[in-house]
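Notes follow the structure.
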Amino acid sequence: MRDFEFGRTFDVVTCLFSSVGYMLTIDDLNQAVGNMVRHLSPGGVLVVEPWLHPDAWRIPHVTAEAAQRPGMAVARASTTGRQGHVSSFTLHWTIATFEGVEHIVEDHELGLYEVDEYRDVFVAAGMSVEHDPVGLIGRGLFVGVKHT
Ligand SMILES: C[S@@+](CC[C@H](N)C(=O)[O-])C[C@H]1O[C@@H](n2cnc3c(N)ncnc32)[C@H](O)[C@@H]1O
642 MRDFEFGRTF
652 DVVTCLFSSV
662 GYMLTIDDLN
672 QAVGNMVRHL
682 SPGGVLVVEP
692 WLHPDAWRIP
702 HVTAEAAQRP
712 GMAVARASTT
722 GRQGHVSSFT
732 LHWTIATFEG
742 VEHIVEDHEL
752 GLYEVDEYRD
762 VFVAAGMSVE
772 HDPVGLIGRG
782 LFVGVKHT
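Now the structure itself:
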């Protein structure tokens, strides 16, 4: 998201379900949002669904979910951590099929940024910005318009 190049602009760019959280520094966030805005036509709209904000990240926290359908059962347990403004979680997957059982471990790190930090990044990229504190799934939503 920091350096994709499509050689054209779009009327709307969306970055949803906290993908932007993988930007672990404000510099990365500026680069990513700046690159999305670069792909917007004047007056175009950027919609960004943030990751959690610092106060919302709870550690330690453990959780588990499971789902199944005929021929497949999946369980996922996770633990959380934090280093400064970087949240981390490790997902332990157990996937059972008729072929056997597979275990996968995924480590994820996402940046925890304040609402105003996101706003500043939009404004720095030449956007006006509105923040909806609820958004699509309760994580909030930033909607920006590129100045013409
Ligand atoms: C939680 S998923 C959201 C996927 C999709 N936006 C959605 O709404 O379902 C986060 C996605 O961010 C992608 N991602 C992580 N780091 C990225 C980066 N530096 N540039 C582009 N995508 C990245 C991951 O591969 C993953 O698919």
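Under my numbering, the letters of the sequence shown match residues 642 to 789, in that order. All residues carry an ideal CB built from backbone N, CA and C; glycine is no exception.
- In the DSSP assignment, E743 falls within the unbroken beta strand (DSSP E) covering 741–752.
- Taking a cut-off of 5 Å from the heavy atoms of ligand 1, the residues with a C-beta inside it are M642, L657, F658, S660, Y663.
- For R723, the three-state secondary structure derived from DSSP is strand.
- L681 has F651 as its beta-bridge partners, per DSSP.
- In the same chain as G785, and ignoring 5 residues on each side of it, the C-beta atoms closer than 6 Å to its own belong to L687, F763, M768, V770, in chain order.
- Counting along the chain, D644 sits inside no alpha helix (DSSP H), nor does DSSP assign it H or E at all.
- W734 has its alpha-carbon roughly 11 Å from the corresponding atom of A708.
- Close CB contacts of Y663 within its chain, under the 7 Å cut and outside five residues either way in sequence, are with L751 (chain order).
- In the structure shown, the three-state DSSP call for L777 is coil.
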